[in-house]
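Residue numbers (my numbering): 1 to 273.
The C-beta atom is built at its ideal place from N, Cα and C for all residues, glycine as well.
Just so we're clear, the structure is a prediction, and the values are computed from it rather than from any experiment.
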Amino acid sequence: MPELPEITVLARQMVKELVGQTFTSIEVLQPKCLNISKEAFVEALSGALLLDVTHRGKWLFAETTQGWLLLNLGMGGEILLATRDTLPEKYRLVFDFDDGTCLVINFWWFGYAHYVGRGELGNHAATAKLGPNALDVTADDLRAMLSGRRGRIKSFLLDQSKLAGIGNAYIHDILFLAKLHPLRTVDTLAEAKTDALAKAIHDGLQPSIDKNGAFYEVDLYGQKGGFTMDDILIGYKEGKPCPICGTLIEKIKTGSTSSFICPRCQPLNKEGG
Ligand SMILES: [Zn+2]
Numbered sequence: 001m002p003e004l005p006e007i008t009v010l011a012r013q014m015v016k017e018l019v020g021q022t023f024t025s026i027e028v029l030q031p032k033c034l035n036i037s038k039e040a041f042v043e044a045l046s047g048a049l050l051l052d053v054t055h056r057g058k059w060l061f062a063e064t065t066q067g068w069l070l071l072n073l074g075m076g077g078e079i080l081l082a083t084r085d086t087l088p089e090k091y092r093l094v095f096d097f098d099d100g101t102c103l104v105i106n107f108w109w110f111g112y113a114h115y116v117g118r119g120e121l122g123n124h125a126a127t128a129k130l131g132p133n134a135l136d137v138t139a140d141d142l143r144a145m146l147s148g149r150r151g152r153i154k155s156f157l158l159d160q161s162k163l164a165g166i167g168n169a170y171i172h173d174i175l176f177l178a179k180l181h182p183l184r185t186v187d188t189l190a191e192a193k194t195d196a197l198a199k200a201i202h203d204g205l206q207p208s209i210d211k212n213g214a215f216y217e218v219d220l221y222g223q224k225g226g227f228t229m230d231d232i233l234i235g236y237k238e239g240k241p242c243p244i245c246g247t248l249i250e251k252i253k254t255g256s257t258s259s260f261i262c263p264r265c266q267p268l269n270k271e272g273g
């Protein structure tokens, strides 16, 4: 499932390739992924000029002269640049542009392609409740967000309404870089620890953006990301030595999910702040 690094890469590539182009036609093979009828969706966006593409969390926001196209790959999928002669075998939506290129979308299971009118973004429930992009949050912001809160730090980091964009791929290394046990409660974090966490969020996400995202996802050109298991510090590496202290990485149960930790670098007590 793409997370903030992969979505950031896609947004940038869509800006580069598609901004300034006009939607000429739209083919919808999976109307259930839309928030309005297929006919209304096609009519709303046909003839629209693409102005910009941004992202928040796992959503892409394509701004046009006729409103917004919001895309979310759900459990996974591809957003590819193609032409009518080079369409992939499987797809759910095709947006044709005036220069002959197409934006082709495939959802592995289920995703979303929503239309929102100009000035109505605040009424789109799924994106209106998203917190700021995790990479845009400063140490001061994070301290303010955590102040007076309770609950586990892992749950906070994965809560898209608090910070948008962190999921199961990057959470383990972010907590490791901050030397935080996933079950630490937020109210036990000293200020220095919160600062370390802000840095860890950056250091856990930016290297993947710099390498065009994770190796198991593809970008707009169908190229796999360059961020590989060699770049991952401890996530999904149980039984391997911790890159800092050599202790074997453990996979532990944390509520309904699993976590990967170095038991020595990430003690559950307040050791180290
Ligand atoms: Zn360690």
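Heavy atom of ligand 1 within 8 Å of residue i beta-carbon
i      : result
Gly246 : yes
Cys262 : yes
Cys242 : yes
Cys265 : yes
Test: residue i CB closer than 9 Å to a CB of chain D
i     : result
Glu39 : Judged by its chain identifiers, the structure shown contains no chain D, having just a single protein chain.
Spatial distance of residue i from residue j (CA atoms)
i      : j      : result
Asp96  : Gln13  : 17 Å
Lys253 : Val218 : 30 Å
Ile36  : Asn212 : 33 Å
Gly225 : Phe107 : 18 Å
Arg143 : Asp195 : 8 Å
His55  : Gly77  : 16 Å
Arg149 : Leu189 : 11 Å
Leu205 : Leu50  : 28 Å
Glu89  : His181 : 44 Å
Phe23  : Val53  : 14 Å
Ile201 : Ile174 : 6 Å
Pro263 : Arg184 : 13 Å
Leu248 : Lys179 : 15 Å
Cys265 : Gly255 : 21 Å
Reference residue i, options the options, closest by Cα
i      : options                        : result
Val94  : Lys58, Thr64, Asn72, Gln30     : Gln30
Ala48  : Val19, Gly222, Glu191, Arg264  : Val19
Asp159 : Gly148, Ala134, Ser147         : Ala134
Pro2   : Arg152, Glu120, Gly111         : Gly111
Arg84  : Asp230, Ser25, Leu45, Leu70    : Ser25
Pro233 : Pro267, Gly122, Leu177         : With the sequence shown as reference, residue 233 is identified as Leu, and Pro is not the correct amino acid for it. Nearest C-alpha to Leu233: Leu177.
Leu268 : Tyr115, Val186, Asp141, Glu238 : Val186
Leu103 : Leu81, His124, Trp109, Thr86   : Leu81
Gln223 : Pro132, Ile79, Gly246, Lys237  : Ile79
Outcome for residue i when other beta-carbon atoms lying within 10 angstroms are tallied against a minimum of 16
i      : result
Glu241 : Reading the sequence as shown, one finds Pro at residue 241 and not Glu. Classification of Pro241: exposed, given that the 10 Å Cβ count is below 16.
Tyr221 : exposed
Glu39  : exposed
Lys129 : exposed
Thr257 : exposed
Ala198 : buried
Leu45  : buried
Glu63  : buried
Thr138 : exposed
Trp59  : buried
Gly239 : exposed
For residue i: DSSP bridge partner residues
i      : result
Phe95  : Ile26, Leu103
Thr185 : Arg152
Trp59  : Arg56, Asn72
Glu78  : Asn106
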